Each structure stands twice: as structure tokens, then as C-alpha cells.
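Note sheet for the following structure.
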Amino acid sequence: TTSSVSKGKKPYKSWLKDGVNGGMSSMDVLIHWLADKTNYSKWRGGDNNAERTPKKVLLEEIIERMRQVGIYHRLPKDVASKISTLQSNYRTAREWNDTEGKKLRQAGVKEEIVHEEIVKRFPYWDALHGSFGNFRTSPSWPMSISSIMDREEEEQQQQQLVGKNEHHHHQQQQQRHYRPQLHHHNTKSATSPPPIPIPTTRHASHPNPITTSTSPTTTNNNNNNNSDTNSNAIAQSSLSPPAPVQDDEDDEEQGDPSTATGKRYDSEELGESLLKVTREKEAGQLKRSHDMLEFQREKRLEREQLLIEQERTRRIRAKAELVKNLMEAGFTKQEIAEQL
1 TTSSVSKGKK PYKSWLKDGV NGGMSSMDVL IHWLADKTNY SKWRGGDNNA
51 ERTPKKVLLE EIIERMRQVG IYHRLPKDVA SKISTLQSNY RTAREWNDTE
101 GKKLRQAGVK EEIVHEEIVK RFPYWDALHG SFGNFRTSPS WPMSISSIMD
151 REEEEQQQQQ LVGKNEHHHH QQQQQRHYRP QLHHHNTKSA TSPPPIPIPT
201 TRHASHPNPI TTSTSPTTTN NNNNNNSDTN SNAIAQSSLS PPAPVQDDED
251 DEEQGDPSTA TGKRYDSEEL GESLLKVTRE KEAGQLKRSH DMLEFQREKR
301 LEREQLLIEQ ERTRRIRAKA ELVKNLMEAG FTKQEIAEQL
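Per the numbering used here, the sequence shown starts with residue 1, numbered consecutively.
This is the structure:
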């Protein structure tokens with residue numbers, strides 16, 4: 001059990017103290033390689049995509065330089081991880097220099113003091129600022145191959161989220177635009193039918209014959225004539241258009257509000273039906289939006305699983321290739337197992 005635990009844990013070897021016979025350490029070799037602007041330009045991708053050097057080749061070049069000074073225990077993944085750490089620390093120091101350092105200079109603090117603060121945050125500032133500083137305007141600082149994939153995935157998720165928010169905002173605007181129209185239509189329907197002025201004219205025509213009949217100079221014959229005139233006026237008014245409106249008014253005067261109530265009920269039913277259709281439409285849109293979110297979530301999970309499988313496959317291949325190279329270099333199986 002003790003032997004298995006000892007094999008599972010690799011003893012940590014400092015990057016600063018692993019030099020052989022007082023020679024260069026792993027960090028010295030790496031800093032010396034990164035300080036070369038040409039090398040770091042290759043690591044960042046170069047200016048021409050057609051001439052881009054794979055990082056695997058560059059890592060092998062760094063490891064080969066370490067082997068030249070007697071350091072054989074560094075792996076490509078260790079070197080890539082250390083470069084990412086150096087990039088991150090440099091970026092932190094650079095951001096401090098651009099913000100707090102600028103304020104200190106404007107306040108009259110000496111450049112030597114500001115430089116000391118920068119070196120506290122990144123001890124390799126003087127050695128790497130010349131090469132790292134050439135890429136300070138780059139929109140992104142890739143840490144490693146896996147981090148690049150993670151950043152691309154995050155950008156895709158942000159674009160999808162922005163599209164969802166815009167779609168939801170557009171739906172809300174359509175709903176707010178449609179609901180006032182529906183409310184206005186229901187209010188207008190509920191307030192109908194409007195008052196009908198025609199029967200008022202008919203009622204105003206009645207007092208004239210009645211007033212004539214009440215005159216003290218009239219006779220019975222005149223009363224009869226006035227009665228005939230009233231009957232003729234009533235007959236003419238009953239024949240005058242619009243007849244349906246007069247019938248409705250007569251019904252209302254007789255205390256039968258069924259027609260007006262029916263119209264009011266029709267308008268209310270129309271408003272309720274329109275409101276029901278609107279609610280069903282909104283429910284359908286929400287369901288489609290929910291289904292789309294579920295679909296996108298499933299796709300994201302599938303993509304994440306695929307990336308995990310690809311990363312696992314890449315590591316297995318890298319491990320197999322490392323074993324092959326170590327065997328070709330003459331290492332025994334026991335030594336290879338200790339390295340892994």
C-alpha cells in the first residue's frame with residue numbers, strides 16, 4: 001500500500017532549484033526562451049497563419065533546451081501550464097501599471113518606486129516585458145489550448161443569451177402594443193349603443209298639436225282636426241326612416257331592454273373571445289420559447305460532453321506519445337512509470 005501511494009504522488013521539484021551542478025534551472029531556461037521576441041511570437045501564433053508553428057513543436061523545443069542543461073523531468077503539459085501562469089501574472093502587473101502606476105506617476109512618485117511595485121507583482125517584468133508587451137493590444141490572452149476552447153464556448157453562450165433576451169423583449173413589446181388596442185375595443189363596445197336623437201325630434205313634435213288644442217279660441221271641430229293632424233303626424237313619423245331605431249326606442253320606453261342588453265352582451269363576448277385568443281397566443285409563444293431553451297440546453301450539454309471526450313482523448317494520445325518517446329530514448333518501464 002505504501003509503495004502504491006508513493007507511485008501515485010510525484011515529488012514536486014521546484015522550477016527555481018532544479019539546476020544540475022549549479023547550472024540553469026527550469027525557470028531560467030523557460031524565461032530565456034520566452035524573452036526572445038521571435039519565440040514568443042511563434043507561441044502566440046505569429047503574423048501569418050500559414051506559417052504558424054504548432055505549440056507541440058515549441059514545447060518540445062523548450063524541453064530539449066532543458067535536457068541540454070541536464071533537466072529531464074519536465075513534461076510538455078508542465079511547461080504549457082507554467083507559460084500560462086507567467087502570462088496571467090504579467091497581465092496582472094501590466095494592468096496595475098496602467099492604472100495605479102499611472103496615478104502614482106501623476107502624483108509625483110519616482111519611477112524607481114513604481115518599478116519596484118511592478119517587480120513585486122511580477123518578478124520577471126524586466127526580462128519578459130519586451131516580448132510580452134508587443135501583444136498588449138491583443139483582444140485576448142490565450143492561456144492554453146483548453147482555455148481557448150472554453151473562451152469560445154463562453155462567447156457562443158453569451159451570443160445565445162443576447163439573442164434570447166432580444167427575442168423576449170420583442171415579444172413583450174408586441175404584447176404591450178396589442179393589449180391597449182384590445183382594451184380600447186372592449187371599452188368602445190361596452191359603451192355602445194350611442195344615444196339615438198331621432199325619437200327626441202318625434203317627441204318634440206307632439207306638444208304643438210296639443211298646445212293648439214288647448215287654445216281658448218278653438219272649437220270641437222278644431223279639436224277633431226287637431227286629433228286627425230296628430231294621428232297623421234304619428235303615422236308619418238312611424239313611416240319615416242330609420243324605422244328600426246324608432247322601434248328600439250319604443251321598446252325601451254315600454255320597459256323592454258332586451259335588445260340593448262343583447263348588444264352589450266355581444267360586445268362583452270367579443271372582448272372576452274379576443275382576450276382568450278391573445279392569452280392562448282401568449283401561452284403558445286412561451287411554450288415555444290421554453291422548448292427552444294430546453295433544446296439549446298441539451299445541445300450545450302452535448303457539446304460540453306464532446307469537449308470532455310476530446311480532451312480525454314487528447315491526454316491519452318499525449319501520454320501514449322510520451323511513453324513512446326521515453327522508450328525510444330532508452331528509459332525502462334519502471335522509469336517511465338515513475339515519470340507518469
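Each residue gets a CB set at the ideal place from its N, CA and C atoms; glycine is no exception.
Since this is a predicted model, take the numbers as computed values, not measurements.
Limits of the unbroken alpha helix (DSSP H) element including residue i
i: K102; result: K102 to Q106
i: S40; result: Contrary to the premise, residue 40 reads as Tyr rather than Ser in this sequence. K37 to R44 is the extent of the alpha helix (DSSP H) around Y40.
i: L128; result: W125 to F132
i: V119; result: E111 to R121
i: K333; result: K333 to Q339
Simplified DSSP state of residue i, which is helix, strand or coil
i: Y72; result: coil
i: Y90; result: helix
i: L59; result: helix
i: S25; result: coil
i: R65; result: helix
i: K281; result: helix
i: D266; result: helix
i: K17; result: coil
i: A377; result: In the structure as shown, the chain begins at 1 and stops at 340. Residue 377 is therefore absent and cannot be evaluated.
i: R52; result: coil
i: G271; result: helix
i: A320; result: helix
Exposure label - residue i; buried when at least 16 CB within 10 Å
i: R74; result: buried
i: D126; result: exposed
i: F122; result: buried
i: S14; result: exposed
i: Q334; result: exposed
i: A329; result: exposed
i: D18; result: buried
i: Q87; result: buried
i: A93; result: buried
i: M292; result: exposed
i: G23; result: exposed
Same chain, Cβ closer than 7 Å to residue i, neighbours up to 5 away in sequence not counted
i: G45; result: R52
CB contact below 8 Å: residue i versus chain B
i: K77; result: Looking at the structure shown, chain B is missing, and only one protein chain is on hand.
Cβ shell of residue i (< 6 Å), same chain only, five flanking positions each side left out
i: A235; result: Because A235 carries a pLDDT of 42, less than 50, the predicted location of this residue cannot be relied on, and no value is offered for it.
i: M327; result: none
Cut-off 8 Å between Cβ atoms - residues of its own chain near residue i, not counting five sequence neighbours on either side
i: K120; result: none
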